[in-house]
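Student: Sending over a structure as structure tokens; questions will come in a sec.
Numbering (my numbering), first residue to last: 23 to 196.
This is the structure in structure tokens:
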């Protein structure tokens, strides 16, 4: 077991003070015992995916290290707890409804990668199953870790070359 694990987390918010919600989440994650936010991308304003009729999202990717005894499922549980403390409500009864699942939210914390671990359970899928399709993940990930080799053997920049998107300053359209 390694002394420290490295995880990448994509944060998103499109309700209220979105950038303030991201800052609060960053602070809460950094205050968890043994956790360290090693890098934070710039905040991007990104076009909503799936459910278009909603406010744009503020998105940011963090590189976090945590103690070696932490497991990927436990890490995810900690992310979900931070979401809950910041006002996110996840209702299992409506989770399959795209308008709810992909709709407005005060905070969303997605675990993208946890070392090079692979998981495929109802609770956890790693690497994140849609990260290679999302410019709002790949652009900020490229900012903080341009040489990171992803699950398909490419870097974030290499994946972005084949993904239809546009970056205009700190705005991402896809």
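Yeah, the Cβ is synthetic: ideal placement off N, Cα and C, and Gly gets one too.
1. So residue 29 and residue 136 are supposed to be a Cβ contact under 8 Å. How far apart are they, rounded?
2. From residue 95 to residue 102, what does the alpha carbon distance come to, in whole angstroms?
3. Cβ of residue 148 within 8 Å of Cβ of residue 104?
4. For residue 47, does the three-state DSSP call read helix, strand or coil?
5. Which residues bound the beta strand (DSSP E) around residue 184?
6. Quick one, which of 151, 176, 99, 196 has its alpha-carbon nearest residue 185's?
7. By the three-class DSSP mapping on this structure, what secondary structure does residue 70 have?
8. Please state the DSSP three-state secondary structure of residue 106.
9. Do residue 165 and residue 32 have their CB atoms nearer than 8 Å?
Tutor: The structure says:
1. Indeed, because the Cβ distance is near 5 Å, the residues count as touching under 8 Å.
2. Residue 95 and residue 102: Cα-Cα distance of roughly 11 Å.
3. No, the pair does not count as a contact, with Cβ atoms beyond the cut-off.
4. Look at residue 47 here: in three-state DSSP terms it is helix.
5. Taken as a continuous stretch (DSSP letters only), residue 184 belongs to no beta strand (DSSP E), as it is neither H nor E.
6. It is 196.
7. It is coil, neither helix nor strand.
8. Of the three classes helix, strand and coil, the one that applies to residue 106 here is helix, per DSSP.
9. Note that the C-beta distance between residue 165 and residue 32 is not below 8 Å.
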